[in-house]
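Anchor point for the sequence shown: position 53 equals 53 in UniProt numbering, and the numbering is continuous, going up by one each time.
Down below is the structure, laid out as structure tokens.
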Amino acid sequence: MSASAFLSLEMPEQVLARRWENIQPIESIAAAAAAAAVVVAVVVVVVVVVVVVVVVVVIIIIVLVIEIVKVEVLVVKVVVAVVVVVLVVVVKAILEVVIVIVVVAVVVVVVVVVVVVVVVVVVVVVVVVVVVVVTVLDEFVAEIK
1 MSASAFLSLE
11 MPEQVLARRW
21 ENIQPIESIA
31 AAAAAAAVVV
41 AVVVVVVVVV
51 VVVVVVVVII
61 IIVLVIEIVK
71 VEVLVVKVVV
81 AVVVVVLVVV
91 VKAILEVVIV
101 IVVVAVVVVV
111 VVVVVVVVVV
121 VVVVVVVVVV
131 VVVVTVLDEF
141 VAEIK
């Protein structure tokens, strides 16, 4: 088999197309991971909003009950302070989880993009090397004949 016959078996464009088909699932996995991270972040934000609303409603109810019962102002301040501290701790914990999720999603996307770029560069280099080697071999065979 001559070098040109070998080259005609599969052109570099076909090799690249085949490699690209292997790369595309990696991109879809990265997109799915990013979408999942966004969905989780949105759900966590909604949960934070619901918790804040519930705590505010509870504070209002406590204040109204205290006004109706005519409890001392010190008790009102203590109850409101405790509720606010609990709210701050809960919101802070939820936001830390959201930050971790977003950072992990960004890292996953960056790693996948880097892997895809490296694979594409390697494929292009391999194809170029194969084309150069086949061309040199073809010229060498032509000179021998």
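Quick reminder that beta carbons are idealized off the backbone N, C-alpha and C, glycines included.
Model, not experiment: these values are computed from the prediction.
**Study point:** Given A37 as reference, the closest of V108, V76, V136 and V134 once Cα atoms are compared
**Key:** V108
Review point. Going by the CB atoms, is the gap between V52 and L87 shorter than 8 Å?
Key: yes
Practice item. Note down, in chain order, each residue of its chain lying with its Cβ closer than 7 Å to the Cβ of V90, except the 5 sequence neighbours on either side. Key: V51
Check your understanding: Using a Cβ-Cβ cut-off of 6 Å (strictly less than) and excluding sequence neighbours within five positions of V118, which residues of its own chain qualify?
Key -> none
Point to revise | Own chain partners of A105 with C-beta closer than 7 Å, once the 5 adjacent residues on each side are dropped | key: A33, A34 and A37
Review point. Where does K145 fall in DSSP's three states?
Key: coil
Review point. How many Å lie between A142 and V122 at the Cα?
Key: 30 Å
Practice item. Compare the beta carbon distance of A41 and V102 with 8 Å and say whether it is the shorter of the two. Key: yes
Check your understanding: Roughly how many angstroms separate the alpha carbons of V130 and S28, rounded to a whole number?
Key -> 29 Å
Check your understanding: Ordered along the chain, which non-local residues of its own chain (more than five positions away) have a Cβ less than 6 Å from that of I60?
Key -> none
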